[in-house]
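Have a look at the structure below before the remarks.
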Amino acid sequence: MALTKLTKHIVSGATIVQVRYKDCSNLSTGNTGSTVWDTMTITPQYADSILEVRFQGICRQAMEGTGGNNDNSNNVEGNLHMFINGSNEYTINDAFSFADFGMPYGNTSTSNKGKAVNMFHRHLPGSTNLQTISMQITRSSNDGGSVTCQNGFLIAKEIAGGVLLGTPGNAKVN
Amino acid sequence: MALTKVTKHIVYGSVLVAHYGQDYANITTSSSSYVQWGEDTVLTPQYSDSHLEMVMTGSMYTSTNQNSSSHYGNAKFVVNGSDEYFLRGIIGAAQSIVGNHNHQNQTFGENNGRQNWFFQNFGSALYMCHVHAPGSTNAQNMQTFVMADSGGLSIVCSDGFFTVSEIAGEHYNLT
Chain A
4 MALTKLTKHI VSGATIVQVR YKDCSNLSTG NTGSTVWDTM TITPQYADSI
54 LEVRFQGICR QAMEGTGGNN DNSNNVEGNL HMFINGSNEY TINDAFSFAD
104 FGMPYGNTST SNKGKAVNMF HRHLPGSTNL QTISMQITRS SNDGGSVTCQ
154 NGFLIAKEIA GGVLLGTPGN AKVN
Chain B
727 MALTKVTKHI VYGSVLVAHY GQDYANITTS SSSYVQWGED TVLTPQYSDS
777 HLEMVMTGSM YTSTNQNSSS HYGNAKFVVN GSDEYFLRGI IGAAQSIVGN
827 HNHQNQTFGE NNGRQNWFFQ NFGSALYMCH VHAPGSTNAQ NMQTFVMADS
877 GGLSIVCSDG FFTVSEIAGE HYNLT
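Here the protein sequences line up with chains A and B, keeping their order. As numbered in the numbering used here, residues 4 to 177 make up the first sequence, in order. As numbered in the numbering used here, residues 727 to 901 make up the second sequence, in order.
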């Protein structure tokens, strides 16, 4: 049998070195400062690998107007952060927001506010050291009470370096 | 030296074995029970140690006013009839309010005023991803379901697109 030259074409598909994923714990918090939703670790097998990290989940809150005239004081803007090894790797400001509505004449109403949040980012660890991915939120206020963060799913793929070169001449993706 | 057969295992790491995608037709539901969005996606893994990465994108919104109560829109993945993953609270909605106000006009007697508040056009982009380990080479039936919790909320599920990737094992959650 003739030998076949071993090239990238002999095995179809791109090389994914490893994948790590996690169903995240739910979080209910009244904090406005940086609060950890959940964390996950991955140790790259190669220093030149690329980490492709994706996250999704739900932030929801029930807000109730106080019933006063021109009651529009309850507003919450929330940010979603991805920290890797303690550094803020990526932030989506205003990833979720909640507000109540003014209810003149003494009427009050509880309104459910829910937002699907998701994030995609590419990280170059540059080493084979353990990488700790921490998903965090911050909020502008605690108007209306605690926010519930639920159904989070975090997935990190180590993709072998040298395979994906990105757009030629674009240093940001090389 | 003995020759080594070239298989997916000879290359360290995993390879993308199979990939499939399909559009979901738009649906509208006000059911408090889960109803299917789109059609079944059936994939038969080539290897029993593969992982199936499911991704669905689309949007969910309500364009009608709400008459009572508060609601959320939910979605879930189902694989082979078992719940695989939930997203609860994708959108929220509040009840509409009718406010009555009485005031006394000294000259012409009492007049009644009335104001309505209608909450509508709640919407959100939807991105849902999960990984399923089938553990066999049996056909895997993947479905997406949506619902309006507590009912009465009319939800439009739009522009859905579902993909599944079979990624060869066994390099999952090892480090």
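Every residue gets a Cβ at the ideal spot worked out from N, C-alpha and C, and that includes glycine. None of the values given here were measured: they were computed from a predicted structure.
Taking the C-alpha atoms as reference points, what is the distance between residue i and residue j?
i: asparagine 115(A); j: asparagine 34(A); result: 19 Å
i: threonine 754(B); j: asparagine 121(A); result: 24 Å
i: valine 176(A); j: glutamate 92(A); result: Only weak support is given to the placement of valine 176(A): the predicted model assigns it a pLDDT of 39, under 50, and the value that follows is read from those uncertain coordinates. Valine 176(A) and glutamate 92(A): Cα-Cα distance of roughly 15 Å.
i: threonine 38(A); j: arginine 125(A); result: 22 Å
i: serine 876(B); j: arginine 814(B); result: 12 Å
i: leucine 168(A); j: isoleucine 162(A); result: Confidence is the limiting factor: at leucine 168(A) the pLDDT is only 45, short of 50, which leaves the residue's position unreliable and the question unanswerable from this model.
i: asparagine 764(B); j: lysine 160(A); result: The identity of residue 764(B) in the sequence shown is glycine, whereas the question assumes asparagine. Rounded to whole angstroms, glycine 764(B) to lysine 160(A) spans 28 Å at the Cα level.
i: threonine 41(A); j: glycine 155(A); result: In the sequence as presented, threonine is not what sits at residue 41(A); that position holds aspartate. Roughly 8 Å separates the two Cα atoms.
i: glutamine 153(A); j: threonine 18(A); result: 32 Å
i: serine 808(B); j: valine 56(A); result: 27 Å
i: glycine 886(B); j: serine 100(A); result: 24 Å
Would you kindly report the start and end of the unbroken beta strand (DSSP E) that includes residue i?
i: threonine 870(B); result: 866–875
i: aspartate 41(A); result: 38–45
i: glutamine 772(B); result: Element bounds for glutamine 772(B): n/a, residue is neither H nor E.
i: cysteine 883(B); result: 881–893
i: alanine 98(A); result: 90–102
i: asparagine 78(A); result: 78–87
i: alanine 801(B); result: 797–805
i: glutamine 48(A); result: Neither: glutamine 48(A) is in no beta strand (DSSP E) and is coded neither H nor E.
i: glycine 861(B); result: No beta strand (DSSP E) contains glycine 861(B), which DSSP labels as neither H nor E.
i: cysteine 152(A); result: 150–162
i: leucine 6(A); result: It is not in any beta strand (DSSP E) - leucine 6(A) carries neither H nor E in the DSSP assignment.
i: leucine 133(A); result: No beta strand (DSSP E) contains leucine 133(A), which DSSP labels as neither H nor E.
i: aspartate 26(A); result: 18–26
List, in order along the chain, the chain B residues whose C-beta lies closer than 7 Å to that of residue i?
i: alanine 119(A); result: Leu813, Ile816, Ser850, Ala851, Leu852 and Tyr853
i: asparagine 154(A); result: Phe812, Leu813 and Arg814
i: glutamine 59(A); result: Tyr853, Met854 and Cys855
Tell me, to the nearest whole angstrom, how far the beta carbon of residue i is from that of residue j; I am working on the premise that it is less than 8 Å.
i: isoleucine 61(A); j: glycine 147(A); result: With 8 Å as the limit, isoleucine 61(A) and glycine 147(A) do not qualify as a contact, their Cβ atoms being about 16 Å apart.
i: asparagine 806(B); j: valine 872(B); result: Incorrect: roughly 19 Å between the Cβ atoms, too far for contact.
i: threonine 889(B); j: valine 781(B); result: 5 Å
In chain A, what lies closer than 7 Å to residue i by C-beta?
i: isoleucine 753(B); result: Simply none; closest approach about 18 Å.
Which residues of chain B have a Cβ atom closer than 9 Å to the Cβ of residue i, listed in chain order?
i: isoleucine 158(A); result: Glu779, Cys855, His856 and Val857
Along chain A, in chain order, which residues have C-beta atoms closer than 8 Å to that of residue i?
i: valine 761(B); result: What valine 761(B) touches in chain A: nothing, since even the nearest Cβ is about 19 Å away.
i: tyrosine 798(B); result: Arg63, Asn115 and Gly117
Contact between the region 745–761 of chain B and the region 91–98 of chain A (3+ Cβ pairs under 8 Å): no
Contact the region 881–895 of chain B vs the region 43–52 of chain A: 3+ CB pairs below 8 Å: no
Sufficient close CB pairs (3 or more, under 8 Å) joining the region 18–32 of chain A to the region 125–134 of chain A: These segments do not touch.
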